[in-house]
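Here is the structure we will look at, set down as structure tokens.
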Ligand code: BTN
């Protein structure tokens, strides 16, 4: 495991993707990113003070590939657990598929990409950074709530270490325990939500539990439907 540190970089995900000789659990950390990327082609604002990092996870060929379909949920679970240890008095919520919410606003996002036999797991957390005016109504920074100044690198290392342990726990057959914790913190539960499909279609419904398949159960017109990770975008109705 190596740590690559940057004051400024385009994107820590892009850096690890392009790294020639990759090693499991290599980490890239940046103070700021000029081209921070979010899911669905969104930009991830990376103002100084936040945690912006990525790490590599090597696919284990002895594990069935379908086990990896829940990777984003396991990563989200692990991140939430570490944040809970840092600030036990705060109520972090898990927004399926892998965002962490605090006071109804986004605190952290995760972008997982695959290159060859590696997953690049990129995480952005608003810690000491300011939130830009134009996203103030949807994003939140932890330091603004607690009025603390966090030691960003220390937090990043403990997140990655805990993820290593939690991934081990997951691959050793403990999905049901993780799932039950995620459902206790399921931000979308009983919320009116809008589901947008890539082809532009939209459906409105009420968010229910995360199913053991990793899918989200949604009540639509009196009937339960299940939605796959990656297939949809969810917003408040
Ligand atoms: C999202 O919520 O859309 C995912 C945001 C992921 C942002 C992180 S910051 C570190 C890493 N590098 C990137 O370019 N993106 C991820």
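In this note's numbering, the protein residues as written are 5 to 241.
Virtual Cβ for every residue (Gly too), placed ideally from N, Cα, C.
Residues near residue 71 in its chain [Cβ-Cβ closer than 7 Å; skip 5 each side]: In the chain shown, the residue the question calls residue 71 occupies position 67. Closer than 7 Å at the Cβ level, and outside the excluded window around residue 71, lie 175.
Starting from the N-terminal end, write out each residue whose C-beta falls within a distance shorter than 6 Å of any non-hydrogen atom of ligand 1. 15, 16, 17, 37, 40, 41, 42, 43, 46, 48, 56, 57, 58, 103, 113, 114, 115, 126, 127 and 128
When the Cα of residue 154 is compared with those of 90, 192, 221 and 227, which residue comes out closest? Taking the first residue of the chain shown as position 1, residue 154 is located at position 150. Closest by alpha carbon: 90.
Quick check: the Cα distance between residue 2 and residue 148, rounded to an integer number of angstroms? This structure gives no information on residue 2, because the portion of the chain shown stretches from 5 to 241.
Is residue 130 helix, strand or coil by DSSP? In the chain shown, residue 130 corresponds to position 126, counting from 1. Looking at residue 130 - three-state DSSP - the assignment turns out to be coil, as it is neither helix nor strand.
When you compare each of 200, 119 and 226 to residue 44 by their alpha carbons, which one comes out closest? What you label residue 44 is simply residue 40 of the chain shown in a count that begins at 1. Of the listed residues, the one whose Cα sits closest to residue 44 is 200.
Just to confirm, is the Cβ distance from residue 58 to residue 79 under 9 Å? Counting from one through the chain shown, the residue named residue 58 turns up at place 54. Counting from one through the chain shown, the residue named residue 79 turns up at place 75. No, Cβ-Cβ distance for residue 58 and residue 79 is not below 9 Å.
Counting along the chain, where does the beta strand (DSSP E) carrying residue 114 start and finish? Indexing the chain shown from 1 puts residue 114 at position 110. Unbroken beta strand (DSSP E) run through residue 114: 109-119.
Flag this pair as yes or no: are the beta carbons of residue 83 and residue 97 separated by less than 9 Å? Looking up residue 83 in the chain shown gives position 79. Looking up residue 97 in the chain shown gives position 93. The answer is no: Cβ separation not under 9 Å.
Can you tell which of 62, 136, 55 and 132 has its C-alpha closest to the C-alpha of residue 152? The count along the chain shown starts at 1 and reaches residue 152 at position 148. The option with the nearest alpha carbon to residue 152 is 132.
Closest to residue 27 by CA distance: which of 94, 100 and 61 is it? Here the question's residue 27 lines up with position 23 in the chain shown. Closest by alpha carbon: 61.
Taking DSSP's pairing of strands, which residues face residue 228 in a bridge? As a working note, residue 228 is residue 224 in the chain shown. Partner(s): 223.
Put residue 44 into one of helix, strand or coil per three-state DSSP. Within the chain shown, residue 44 is the residue found at index 40, counting from 1. Helix.
Please name the residue in 92, 85, 109 and 228 whose C-alpha comes closest to that of residue 144. Here the question's residue 144 lines up with position 140 in the chain shown. Out of 92, 85, 109 and 228, 109 has the C-alpha closest to the C-alpha of residue 144.
So residue 214 packs on residue 186, CB below 8 Å; how close in whole Å? Numbered from 1 along the chain shown, position 210 holds the residue referred to as residue 214. Numbered from 1 along the chain shown, position 182 holds the residue referred to as residue 186. So it is a contact: roughly 6 Å between Cβ atoms.
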